[in-house]
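Here's the structure we're looking at; comments come further down.
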Amino acid sequence: MPEEKNESSAVELSREEFAAIQNQVAALTQQLAIAQSIAAKAQQRTEEMTNLVNRLQADFDNYRKRTNENSKKLKDEGMIEVIERLIPLLDTMRQGIAIINDEKVAEGLKMVYKQFNEMLSSFGVTEIQALGEQFDPNLHNAVMQVKVKDSEHVNVIVEVFNKGYRMGDRIIRHSVVKVGK
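FYI, in my numbering the residues of the sequence shown are 1389 to 1569.
In structure tokens:
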């Protein structure tokens, strides 16, 4: 009989152990649920932070592009302002070359004039073609008209008083011209 008592106490111990294990499992399940909730909140926070970082990166890229565009625009504006002030010097040199009688002085001035034009070309400044071209108010400024015999020459530029210049698509100075009518 003593063996039977051992078996029943072993069964009772097993039931107690089972109840303890069930309590431990319940506690662990509760802890797991809490841990999963914390992990889900951490995952959500991570996604929020990732989205924030992505938005900030995009905003910074846009800022950088805007800043670069503004910087280029300001540089171009400054260059155009300087060129606008230098172009009358070209006119003066061209007039000087025409009236100087001393051939050596005229040659020296022609060299300076040529270098000046090359420098402007290096900045992308080009002369607006005018003589013999159709009048275009976007490129030319007509200050005089002259009657022409040939109807083909109506609205055609017959004389250029001041050359016009452009830098890319931007007109720096319109050509000042005489047009046939």
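Even glycine gets a Cβ: it sits at the ideal position worked out from N, Cα and C. These numbers come from a predicted model, not from an experiment.
- Message: Between the alpha carbons of D1449 and R1443, how many angstroms are there, rounded?
- Response: As a first step, residue 1449 must be located in the sequence shown, where it is residue number 61. As a first step, residue 1443 must be located in the sequence shown, where it is residue number 55. Annotation: D1449 to R1443 spans about 10 Å, alpha carbon to alpha carbon.
- Is it right to say V1513 is buried, meaning 16 or more other beta carbons lie within 10 angstroms of its own, or is it exposed? Reading the sequence shown from its first residue, position 125 is the one you call residue 1513. Sixteen is the threshold: when 16 or more other Cβ atoms of the shown chains lie within 10 Å of the Cβ of V1513, as they do, the residue is buried.
- With DSSP as the reference, please indicate the residues paired to I1559 in a beta bridge. Translated into the one-based positions of the sequence shown, residue 1559 becomes position 171. The beta-bridge partner set that DSSP reports for I1559 consists of R1554.
- Task: Pull up the DSSP beta-bridge partners for G1568, would you.
- Result: Locating residue 1568 in the sequence shown gives position 180, counting from the first residue. Partner(s): V1534.
- Within 10 angstroms of its Cβ, does L1508 collect 16 or more other Cβ (buried), or is it exposed? In the sequence shown, the residue the question calls residue 1508 occupies position 120. Per the 10 Å Cβ criterion, buried.
- Thinking C-alpha only, which one of H1562, G1568 and A1408 is nearest V1536? Taking the first residue of the sequence shown as 1, we reach residue 1536 at position 148. With distances taken between CA atoms, V1536 lies nearest to G1568 out of H1562, G1568 and A1408.
- Query: Within this structure, are the beta carbons of K1468 and R1558 separated by less than 8 Å?
  - Reply: For the purposes of this step, residue 1468 is taken as residue 80 along the sequence shown, with counting starting at 1. For the purposes of this step, residue 1558 is taken as residue 170 along the sequence shown, with counting starting at 1. The sequence given here has Ile at residue 1468, not Lys. Yes.
- With 16 other Cβ atoms within 10 Å as the buried cut-off, status of S1539: For the purposes of this step, residue 1539 is taken as residue 151 along the sequence shown, with counting starting at 1. Exposed, because fewer than 16 other Cβ atoms sit within 10 Å of the Cβ of S1539.
- Within 8 Å, strictly: CB atoms of R1554 and I1560: Here the question's residue 1554 lines up with position 166 in the sequence shown. Here the question's residue 1560 lines up with position 172 in the sequence shown. Result yes, Cβ atoms of R1554 and I1560 sit closer than 8 Å.
- Message: With H, G and I counted as helix, E and B as strand and the rest as coil, what does DSSP make of N1489?
- Response: For the purposes of this step, residue 1489 is identified with residue 101 of the sequence shown, where counting begins at 1. Looking at N1489 - three-state DSSP - the assignment turns out to be coil, as it is neither helix nor strand.
- Message: Measuring only the C-alpha atoms, how far is S1563 from N1456?
- Response: Numbered from 1 along the sequence shown, position 175 holds the residue referred to as residue 1563. Numbered from 1 along the sequence shown, position 68 holds the residue referred to as residue 1456. C-alpha separation (whole angstroms): 32 Å.
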